[in-house]
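Here is the structure we will look at, set down as structure tokens.
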Ligand SMILES: [Zn+2]
């Protein structure tokens, strides 16, 4: 099992996962390519402190501050942490420009994620199992977040094409 698979299975609560697209990494020249190569970029799964340092080195942002900002908006983030659906796409705020620039105007640039152990006392999602929290930054400048229960990825969090988490109903 790769580190990423273990992280996604809720077996690495002390680690954080970072996903960065190849084009974003190339534009930054700040992060060594030390992660696992996935289809659209790189994923690093590293201990929390190292991960937060790598995140700020790679993006120029504080990881927890970024996460707090991204929490205000929900949007689907792929369960393999390598893409997402920017909620700003539907606002049309970059609409005409996006069309002119091509389909990449709302491409995810990077994702920061951590997981939390099941906690029956907290209730809700946390009662159901380990929870993965994911925060994405879009090329348009918008940030958004998603979270889901390990083992119930298709029943919790924002599903593809949706804008509200499935468990909200
Ligand atoms: Zn966007």
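Numbering (UniProt numbering), first residue to last: 1 to 169. Where is the CB? At the ideal position from N, CA and C, for every residue including glycine.
Query, Result
"Closest Cα partner of residue 4 within the set 22, 45, 153 and 57", "45"
"Bridge-paired residues (DSSP) for residue 128", "Per DSSP, none; premise fails for residue 128."
"Which of helix, strand or coil DSSP assigns to residue 155", "coil"
"beta-carbon residue 74 near ligand 1 non-hydrogen atom, thresh 7 Å", "no"
"Outcome for residue 27 when other beta-carbon atoms lying within 10 angstroms are tallied against a minimum of 16", "exposed"
"Given residue 105 as reference, the closest of 116, 88 and 66 once Cα atoms are compared", "88"
"Between the CA atoms of residue 10 and residue 60 - distance to the nearest angstrom", "28 Å"
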